[in-house]
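Notes follow once the structure below has been shown.
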Amino acid sequence: MSVLEVQHVTGGYTRKPVIKDLSFSIEKGELVGLIGLNGAGKSTTIKHIIGTMLPKEGDIRLNGVTLKEDTDKYRTAFSYIPETPVLYDELTLSEHLELTAMAYGIDKATLDARSAVLLKEFRMEKRLNWFPSHFSKGMRQKVMIMCAFLVNPSLYIIDEPFVGLDPLGIQSLLDQMDEKKKEGASILMSTHILSTAEKHCDRIILLHEGRVRAQGTMADLRQTFAMPNATLDDLYIAMTKERDHEELA
Amino acid sequence: MKNLRDVWSSRFMHYIGEVQKYMQFIFTGHIAIVLVFLIGAGGYQYSEWLKVVQADFPAEIIIAVFVGVLLAFSRPTTLLREPDQVYLLPLESKMSLYFGKALAWTFWSQVWIVAIAFIVSIPLLKAVTDLTTIEIWSIFILVIVLKYISVQGEFSYRYSERGQMVWVDRLVRAIIFAAAVYMGLQAQFMLAVVAIVISVIYMIVFRKKSVGEPVPYEHFVKLEQNRMMSFYRFANYFTDVPHLHGSIRRRSWMDWLYKFVPYGKNNAQKYLVYRTFVRTDDHFYLWVRLTAISAVIAAFVDIPIVTWIVAGALSFATTIQLKQALLTSGEFRMDMLFPVPDNARQIAVKQIVRIAMVTQAIIVGLCAITQPMFYIAVAIVLVISELTARVAK
Numbered sequence: 000m001s002v003l004e005v006q007h008v009t010g011g012y013t014r015k016p017v018i019k020d021l022s023f024s025i026e027k028g029e030l031v032g033l034i035g036l037n038g039a040g041k042s043t044t045i046k047h048i049i050g051t052m053l054p055k056e057g058d059i060r061l062n063g064v065t066l067k068e069d070t071d072k073y074r075t076a077f078s079y080i081p082e083t084p085v086l087y088d089e090l091t092l093s094e095h096l097e098l099t100a101m102a103y104g105i106d107k108a109t110l111d112a113r114s115a116v117l118l119k120e121f122r123m124e125k126r127l128n129w130f131p132s133h134f135s136k137g138m139r140q141k142v143m144i145m146c147a148f149l150v151n152p153s154l155y156i157i158d159e160p161f162v163g164l165d166p167l168g169i170q171s172l173l174d175q176m177d178e179k180k181k182e183g184a185s186i187l188m189s190t191h192i193l194s195t196a197e198k199h200c201d202r203i204i205l206l207h208e209g210r211v212r213a214q215g216t217m218a219d220l221r222q223t224f225a226m227p228n229a230t231l232d233d234l235y236i237a238m239t240k241e242r243d244h245e246e247l248a
Numbered sequence: 000m001k002n003l004r005d006v007w008s009s010r011f012m013h014y015i016g017e018v019q020k021y022m023q024f025i026f027t028g029h030i031a032i033v034l035v036f037l038i039g040a041g042g043y044q045y046s047e048w049l050k051v052v053q054a055d056f057p058a059e060i061i062i063a064v065f066v067g068v069l070l071a072f073s074r075p076t077t078l079l080r081e082p083d084q085v086y087l088l089p090l091e092s093k094m095s096l097y098f099g100k101a102l103a104w105t106f107w108s109q110v111w112i113v114a115i116a117f118i119v120s121i122p123l124l125k126a127v128t129d130l131t132t133i134e135i136w137s138i139f140i141l142v143i144v145l146k147y148i149s150v151q152g153e154f155s156y157r158y159s160e161r162g163q164m165v166w167v168d169r170l171v172r173a174i175i176f177a178a179a180v181y182m183g184l185q186a187q188f189m190l191a192v193v194a195i196v197i198s199v200i201y202m203i204v205f206r207k208k209s210v211g212e213p214v215p216y217e218h219f220v221k222l223e224q225n226r227m228m229s230f231y232r233f234a235n236y237f238t239d240v241p242h243l244h245g246s247i248r249r250r251s252w253m254d255w256l257y258k259f260v261p262y263g264k265n266n267a268q269k270y271l272v273y274r275t276f277v278r279t280d281d282h283f284y285l286w287v288r289l290t291a292i293s294a295v296i297a298a299f300v301d302i303p304i305v306t307w308i309v310a311g312a313l314s315f316a317t318t319i320q321l322k323q324a325l326l327t328s329g330e331f332r333m334d335m336l337f338p339v340p341d342n343a344r345q346i347a348v349k350q351i352v353r354i355a356m357v358t359q360a361i362i363v364g365l366c367a368i369t370q371p372m373f374y375i376a377v378a379i380v381l382v383i384s385e386l387t388a389r390v391a392k
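Going down the list, the protein sequences come from chains A and B. Quick note on numbering: the first sequence equals residues 0 to 248 in numbering that gives the first Met the number 0. Quick note on numbering: the second sequence equals residues 0 to 392 in numbering that gives the first Met the number 0.
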């Protein structure tokens, strides 16, 4: 059974759908990159998966259930790192971790053990009692990342994770993702940093105007675009040109 | 570049605009009514007391010390800003023109405080001393002159010492000024003039010392920021100040409250909402100011029905505003994804609002305790709040 199954999903903000008949799935232990131009529908796709937007048509299943069928099971199955950090101004770093742990039913001992590891990995041990107003963009991002990894879910949904992180932070995040993958977790990551995506993703989904233009391993994509030896950047640019042709036509 | 006079004028206009904007809220807000009421009550008490005051009441010494201390607090209003340390640097030698304007404003904006304090004490002086009207108004002029010297003195001190140990300077000036006023009140006008001369010499010492010193921008900018912040904070008791909007304070003295939310999955929203209420200035001060008004009315109005109506109205206002403030939010928050029941936040908000309102009821009850049937005010606060919380969406 796939961890995440998106089946024929159509949805968007207004009557005009942003994503159209979207279908893909993520298997256990897979790192999948969601790639697309600005406005291709990446964020909308993610919003549908995390449940802040509901599909007009189609189904999204996490560990076999939809949000409606079993809200608790669905929500416990994933954790989400948004593109722009969303923190509580009134909570300290340690309170963010504690709140997250409480909400996901993690006991105190596990919280302490996991957060100690994460705080060390992301070099934030000395900032436990700081409020977000004193954090830089990168630190805010780190708080979100730590909260997400604290939960230890089956699926991580990570939106544009590398912007604002320092090189050490990026490395720590990649290490954490690698570790979780080995433990069997799946990751859906949307990004514009294509070289990193090419290097780390098992599979890539190319979104284009709300539809899946192509998906598969790098080898699959090269075949689809008939561009052997192409990098992901080359494929991405090819897709852009394709769109320009369509617009001219 | 514009000259320094224009710089001052444009700063001044902006400052006045800002002050006006918030004064409007302060004086049209609910606390203004309470203030008028308190001033009226205070005035009435004072006039009653004057009828029975003993002739040996030490009015001179009390007024001298009080006015002396008031005079000594003459913080300069320079309206300097942080970038000035860079942009006004080339004009260092011409800054005296700017400061002249600033000190004139400082004098006029502060002199009325001490003037009112003195005028209020005139009836007392008439009651317990033999001073003639002319003598009393001569002392009034003396006080005004001292204020001018004080403004110049504090500025020169802060300039030359970069604001170090300003309380020592204030203490010295307070003693000299109190002595001057006391001499005046004893009709020893020659001695009062001597005290003035001493204070002028004191001022000149620091003025001489500051000649050639660079402008202590850092100190004056800090002073300005503190002044505006305290003004905004004060205004925030009456209205929402955007500069402070959503501002957060730790308020660690309230940490004990969080102990009532034990660690556990079912308490996640409570964990969050308790902290949101205590640490967000908007929410917390909303409760503080409405509770304060209710308490003051309960304490000073002896007509039970008035107390009850006010307590009920404010209970309604506090409950509905708190509930809405804590429940509505258009923005995405991470707790929207939490695997907890959808009504968890509602339950948590209901609980913290209940705690806040029980506290309000207790405070109002304690303030009304001298009245017969004070417990009815307590009951009204609780019942209205509970009904409001249930009915309001």
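Glycine included, C-beta positions come from ideal geometry on N, C-alpha and C. Since we're looking at a predicted model, the values are computed, not measured.
Asked, Found
"D83/B - DSSP class collapsed to helix/strand/coil", "helix"
"Within chain A, partners of K264/B - CB distance below 8 Å", "M101, A102, Y103, G104"
"Where V300/B falls: helix, strand or coil (DSSP)", "coil"
"N-terminal and C-terminal residue of the beta strand (DSSP E) that G256/A is part of", "Summary: the structure shown does not reach residue 256/A, with chain A confined to residues 0 through 248, and so no result is reported for it."
"Span separating the alpha-carbon of S384/B from that of N265/B", "25 Å"
"Cβ of M22/B within 7 Å of any chain A Cβ", "no"
"Supposed contact pair L154/A and I25/A - C-beta distance, whole angstroms, cut 8 Å", "7 Å"
"Within 7 Å, strictly: CB atoms of L271/B and L98/A", "yes"
"Cβ separation of E217/B and Q23/B, assumed to be a contact under 8 Å, to the nearest whole Å", "The Cβ separation is near 33 Å, so there is no contact."
"Proximity below 7 Å, CB of V363/B to CB of A378/B", "no"
"Neighbour flag for V240/B against chain A, beta carbons, 7 Å", "no"
"N- and C-terminal bounds of the alpha helix (DSSP H) containing E153/B", "132 to 160"
"Nearest residue (CA-CA) to L395/B, options F337/B, I140/B, T279/B", "There is simply no residue 395/B to check, as chain B begins at 0 and stops at 392 in what is shown."
"Cross-strand partners of K188/A (DSSP beta bridge)", "Per the sequence presented here, residue 188/A reads as Met, with Lys not at that position. BP columns for M188/A point to G32/A, I157/A."
"E82/A at chain B interface by Cβ criterion, 7 Å", "no"
"Straight-line gap, L141/B to F276/B (C-alpha atoms, nearest Å)", "51 Å"
"7 Å Cβ cutoff met for S251/B and V150/B", "no"
"Chain B contact for L98/A (CB, 7 Å cutoff)", "yes"
"Straight-line gap, Y73/A to A112/A (C-alpha atoms, nearest Å)", "25 Å"
"Reference V119/B; option with closest CA among W136/B, I368/B, T105/B", "W136/B"
"Boundaries of the beta strand (DSSP E) in which T9/A is found, first to last residue", "3 to 10"
"Closer than 7 Å to chain A by CB, V352/B", "no"
"Alpha carbon of Q323/B to alpha carbon of N2/B, nearest angstrom", "51 Å"
"Span of the beta strand (DSSP E) around H207/A", "202 to 207"
"Chain D residues whose Cβ lies nearer than 9 Å to that of D71/A", "Absent here is chain D; the protein component of the structure consists of chains A and B."
"Proximity winner among E241/A, E208/A, I192/A, relative to G32/A (alpha-carbon distances)", "I192/A"
"C-alpha distance - Q185/B paired with T369/B, whole-angstrom precision", "43 Å"
"Opposing strand residues paired with A347/B [DSSP bridges]", "DSSP, once it has assigned bridges, lists no residue as partnering A347/B."
"Chain A contacts from the region 213 to 228 of chain B (Cβ-Cβ distance under 8 Å)", "none"
"Members of the region 107 to 134 of chain A near chain B, C-beta cut-off 8 Å", "K107, F130, S132"
"Every unbroken alpha helix (DSSP H) within the region 29 to 113 of chain A, with a cutoff of 4 residues, ordered by chain", "41 to 49, 70 to 75, 92 to 102"
"Candidates Y86/B, L49/B, Y45/B, of which the one nearest V127/B by Cα", "L49/B"
"Nearest-angstrom Cα separation, counted from K258/B out to Y86/B", "52 Å"
"Spatial distance of I115/B from V287/B (CA atoms)", "30 Å"
"Chain B within 7 Å of T44/A, Cβ atoms only", "no"
"Among E159/A, S171/A, K179/A, the one whose alpha carbon lies nearest that of E82/A", "E159/A"
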